[in-house]
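The opening residue of the sequence shown carries number 3 in this note's numbering; numbering runs sequentially from there. Structure record follows, encoded as structure tokens.
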Amino acid sequence: MNFGIDAVRFYTPGFSLDHSLLAAHRQIDPEKFIVGLGQTQMSILPPDEDIVSMAANAAAPLVKEAKDSIRLFLFATESGVDQSKAAGLWVHHLLGLNPSCRVVELKQACYSATCALHLATSYLHTHPSEKVLLIASDEARYGLNTPGEPTQGCGAVAMVLSASPRLLSIEPHQGVFAEHTMDFFRPNYMREAIVDGKFSTKLYLQTLSHCWQEYVKLSSLQFSDHSRFCYHLPFTKMAEKAHERLCRIAQVPFDPHQIESSLIYSRLTGNVYAAALYVGLSSLLENEEQDLTGKRIGFFSYGSGCVGEFFSGIVQQGYRRALYALDHKELLKSRKSLNYEEYASFFSHRLPEDGSEYTTPVISKGPFRLLGIKNHERLYGP
Ligand code: CAA
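Below, the structure is given as structure tokens:
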């Protein structure tokens, strides 16, 4: 029996900033962002949204079909809203999940959703009649006028995992590499990440090389056994650099066609940290013209700090019928383009941290929004 991804749907808020506008404001050549980083827009989080509302908005249509069979819900994020309570419990409430569905939050920078994916497929081996809900939800924040600023973004990916999945069966071999590094981190008292950008890109590529070598050793698969590749996407140029590196290691010519369909959505959302690799998967399955049925996709997941992993999956017959392509294209097309002042104002918005009561302005269309705070408690609703 196969286990893997039965459905995938993502959500990103209804506001974006054009990189050409940001570049003009920063007096930088826009080609640096558009060509040098491979980004054209980034999604901007409004004051009445956060990882919980984004997660609920991503998952709502998926769980309608699977509610009764979901008994495990894994929430992956590095933008946690509470030190104790799993963000998924608010989502569990908002979506009316089964009381017998357990909920837990996982963290390891942008890698955590990949670990969650493998935990889920292992769980399904012993519970094949159940389904697992996995949501990755994040906001990438570096700060106004920082080198990381053009690589910001926000969004959530919800996936239902099951036996006999409709989209992708996950294969058993994974090449993993972990090492204590300080390329990117965010102490509890900070809202923005501390990042050594150049060092982080170097580590990403080194980790890819370690993971690939272990993956090849364990799986006995070669580069040519893979039809397409999805990479963690801090910015889309990073995936190009990664694929060039992999092609060099495998001694094959670089073919941009093997990655380009996976980059389309990320170029418009920006980095969505733990969700980024799976936005890439969505983009690949929904934008690739060639029928991918039966093809093997290679995945590289990277979380600063750092943990990396190379793994693979096989696209399932009839996969196109289970996609949410129209929803995703409409979502991206209908975002409002912000001017610089609106962006800076959304970015600088702060919720009270002293327990005082606060009602957020109604900005998002939802359906789920952060309504406000009362007695330190975050309140959500439609
Ligand atoms: N026209 C075309 N290209 C131009 C250009 C122009 N006018 N001006 C510059 N460029 C190119 C540069 O040559 C460079 O390309 P190469 O790397 O291929 O040489 C690219 O634009 C970026 O230029 P810089 O390196 O000068 O950019 P920078 O110093 O401003 O910072 C960055 C780039 C380090 C990625 C920065 O945006 C950053 O710190 N980002 C956040 C960290 C990050 O995303 N790290 C990725 C790996 S870690 C990870 O993956 C985890 C995660 O999600 C964070």
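Note that CB positions come from ideal geometry on N, CA and C, so glycine has one too. Since the model is a prediction, treat every value here as computed from it, not as a measurement.
Proximity winner among Lys34, Thr14, Met44, relative to leucine 340 (alpha-carbon distances): Position 338 of the sequence shown, counting from 1, holds the residue named residue 340. Minimum Cα distance to leucine 340 is reached at Met44.
Cβ-based neighbour list, arginine 371, same chain, cut-off 6 Å, excluding 5 preceding and 5 following: Locating residue 371 in the sequence shown gives position 369, counting from the first residue. Only Asp50, Ser55 meet the Cβ criterion.
Coil, strand or helix - glycine 357 by DSSP: By one-based count along the sequence shown, residue 357 stands at place 355. Looking at glycine 357 - three-state DSSP - the assignment turns out to be coil, as it is neither helix nor strand.
Three-state secondary structure assigned by DSSP to valine 178: As a first step, residue 178 is located in the sequence shown; it is residue number 176 there, counting from the start. If DSSP states are grouped into helix, strand and coil, valine 178 belongs with the strands.
Complete runs of the beta strand (DSSP E) confined to the region 310 to 382 [at least 3 residues]: Qualifying beta strand (DSSP E) stretches, in chain order: 371 to 376.
Cβ separation of phenylalanine 12 and valine 159, assumed to be a contact under 8 Å, to the nearest whole Å: Looking up residue 12 in the sequence shown gives position 10. Looking up residue 159 in the sequence shown gives position 157. Between valine 159 and phenylalanine 12 the Cβ distance is about 5 Å, and since that is below 8 Å, they are a contact.
Helix, strand or coil at methionine 3 according to DSSP, with G and I counted as helix: Within the sequence shown, numbered from 1, the residue matching residue 3 stands at position 1. In this structure, methionine 3 counts as coil in the three-state DSSP scheme.
Cysteine 117 - DSSP class collapsed to helix/strand/coil: Indexing the sequence shown from 1 puts residue 117 at position 115. In this structure, cysteine 117 counts as helix in the three-state DSSP scheme.
Own chain partners of leucine 328 with C-beta closer than 7 Å, once the 5 adjacent residues on each side are dropped: Taking the sequence shown and counting its residues from 1, the one referred to as residue 328 is at position 326. Closer than 7 Å at Cβ, skipping near neighbours: no residue.
Alanine 346 versus Leu47, Ser124, Ala60, residue with shortest Cα-Cα distance: As a working mapping, residue 346 is identified with position 344 in the sequence shown. Of Leu47, Ser124, Ala60, the residue nearest in Cα terms is Leu47.
Supposed close pair leucine 136, glycine 315 - CB separation, criterion 8 Å: Your numbering for residue 136 matches position 134 in the sequence shown. Your numbering for residue 315 matches position 313 in the sequence shown. Not quite, the Cβ-Cβ distance comes to about 14 Å (not below 8 Å), so this is no contact.
Own chain, CB closer than 7 Å to serine 202, minus 5 neighbours either side, in chain order: The sequence position of residue 202 within the sequence shown is 200, counting from 1. So the qualifying residues of the chain are Asp185, Phe186, Ser306.
Where valine 134 sits in the DSSP three-state scheme: Walking along the sequence shown from the start, residue 134 turns up at place 132. Note: valine 134 maps to strand in three-state DSSP.
Selection from Leu210, Leu270, Glu262 that minimises the alpha carbon distance to glutamine 154: As a position in the sequence shown, residue 154 is number 152, starting the count at 1. Selected option, being the one with the closest Cα: Leu270.
Alpha-carbon spacing of glycine 145 relative to glutamate 343, whole angstroms: Mapped onto the sequence shown, residue 145 falls at position 143. Mapped onto the sequence shown, residue 343 falls at position 341. Going by the C-alpha atoms only, they are around 15 Å apart.
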